[in-house]
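Counting in the numbering used here, the sequence shown runs from -18 upward without gaps.
Cβ coordinates follow ideal geometry from the N, Cα and C atoms, glycine included.
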Amino acid sequence: MDARPIGVFDSGLGGLTTVKKLAELLPEEDIVYLGDTGRTPYGSRSRDTIIKYARQDANFLVDRNIKAMVIACNTVCSVAYTMLEGIFSIKVYEVISAPAKEAAAYTKNGRVGVIGTAATIRSGAYEAALKRIASELLVISLPCPLFVPLVENGRIDAGDTAALAIAEDYLKELKEFGADTLILGCTHYPLIKDVISKVIGGGVELIDSGAETAKLVARDIQARGMAVPGGSKGVIRYFVTDSVDAFSGFASRFLGSDVGGMVEQVQLD
Ligand code: DGL
């Protein structure tokens, strides 16, 4: 067993979808979360900028003496995973393979949709992962760049007319394509899933990249003998690069417990 915490990072609130599932599956583990809220969104930025931010995020977590790192950001994984994995001696998990595997296993009609940030979709990482698993799959990939700012601004209700209008525009082609499975290829998107579901209707399975990855991480940490034995309750600490209050309010609502005292603002370099 290894008592060090598991590190998780994202550009902002999205990685909380991964933390929530990880804490549910491994309640005894300590987790250190970094949300780079001061610089979100990453997905509309250049490759070089994303790589620079990702290195700073990862270094921050490694300095907190973590035993494993989850890059809970599809954008970072799609452009910088191989680089980050090569730098550190701890296990580094990405959030693309597990949802791709789940989608390939779930689809009945062989038509899979992927939505993500501009950088993720541009990278083609999901298509490549899906085709590696099943080359006959038909895949449509659509960038939805305004979903992250909508989430970060709390515009996530199924009754939000601006969010609905944006989703209608982004998801039109997806509806015409007839996918029965949709990968939410950005960890922020499960937070706006009520809007997405309202637009695409029932009958399409939504695959949550953070939650699928958390399941894989939990299994792997146990299989490697690194898990903390049951009985104790893990501590989750949160670090953000912008206002503590804005993050705490949203995180407490989403996670169902008051995280206020556990959030600290930091500067990355
Ligand atoms: N949640 C992230 C992702 O999975 C990042 C979104 C962004 O900052 O653009 O892609």
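First and last residue of the uninterrupted alpha helix (DSSP H) at residue i
i, result
"G191", "S190 to A204"
"R28", "R28 to V43"
"M207", "Element bounds for M207: n/a, residue is neither H nor E."
"M64", "N55 to I68"
"A49", "Run containing A49: none in the alpha helix (DSSP H); it sits in the beta strand (DSSP E), A49 to I52."
"R234", "V225 to L236"
Check: residue i C-beta below 7 Å from any heavy atom of ligand 1
i, result
"G184", "no"
"N46", "no"
"P80", "no"
"V244", "no"
"Y74", "no"
"G215", "no"
"V129", "yes"
"T101", "yes"
"N55", "yes"
"Y23", "yes"
"C167", "yes"
"G(-7)", "yes"
"G97", "yes"
The beta strand (DSSP E) enclosing residue i, as first and last residue numbers
i, result
"V120", "L119 to P124"
"D(-9)", "I(-13) to D(-9)"
"E5", "E5 -> not in any beta strand (DSSP E); alpha helix (DSSP H) instead, spanning L(-3) to L6."
"Y219", "I217 to V221"
"G24", "Note, G24: premise wrong, no beta strand (DSSP E); not H, not E."
"Q254", "This structure gives no information on residue 254, because the portion of the chain shown stretches from -18 to 250."
"L(-6)", "It is not in any beta strand (DSSP E) - L(-6) carries neither H nor E in the DSSP assignment."
"V13", "I12 to G16"
Contact with chain C by residue i, beta-carbon distance below 8 Å
i, result
"L152", "Checking the listed chains, one finds no chain C in this structure; it contains a single protein chain."
Is the region 224 to 233 close to the region 194 to 213, with three or more CB pairs under 8 Å? In short, these stretches do not touch, since the Cβ pair count stays below three.
Within the region 70 to 108, ranges of the beta strand (DSSP E) (whole runs, at least 3 residues): Listed in chain order, the complete beta strand (DSSP E) runs (minimum 3 residues) inside the region 70 to 108 are 72 to 74 and 92 to 97.
Say whether the region 44 to 63 touches the region 160 to 170, bearing in mind that this needs 3 or more beta-carbon pairs closer than 8 Å, one atom from each stretch. As far as the Cβ criterion goes, the region 44 to 63 touches the region 160 to 170, which means the pair count is three or higher.
Inspect the CB distances between the region 39 to 51 and the region 9 to 18 and report whether three or more fall short of 8 Å. Verdict: yes, contact present.
4 or more residues per run - each alpha helix (DSSP H) lying fully within the region 107 to 183: With a minimum length of 4 residues, the continuous alpha helix (DSSP H) runs that stay inside the region 107 to 183 are 128 to 133, 142 to 158 and 174 to 181.
Say whether the region 62 to 72 touches the region 83 to 93, bearing in mind that this needs 3 or more beta-carbon pairs closer than 8 Å, one atom from each stretch. With the cut-off at 8 Å, the region 62 to 72 and the region 83 to 93 do not touch.
Using a Cβ distance threshold of 8 Å, determine whether the region 106 to 119 contacts the region 202 to 219, with at least three qualifying pairs required. Flag = no, the region 106 to 119 and the region 202 to 219 do not touch.
Examine the Cβ distances between the region -4 to 6 and the region 183 to 197 and report whether three or more of them are shorter than 8 Å. Counting Cβ pairs under 8 Å, three or more are found: they touch.
Give a yes or no on contact between the region 120 to 134 and the region 150 to 162, applying the rule of three or more CB pairs nearer than 8 Å. A contact exists between the region 120 to 134 and the region 150 to 162.
Using 8 Å as the cut-off, can you tell me whether the region 168 to 177 makes contact with the region -17 to -6, which would need three or more C-beta pairs spanning the two stretches below that distance? Enough Cβ pairs lie closer than 8 Å, so yes.
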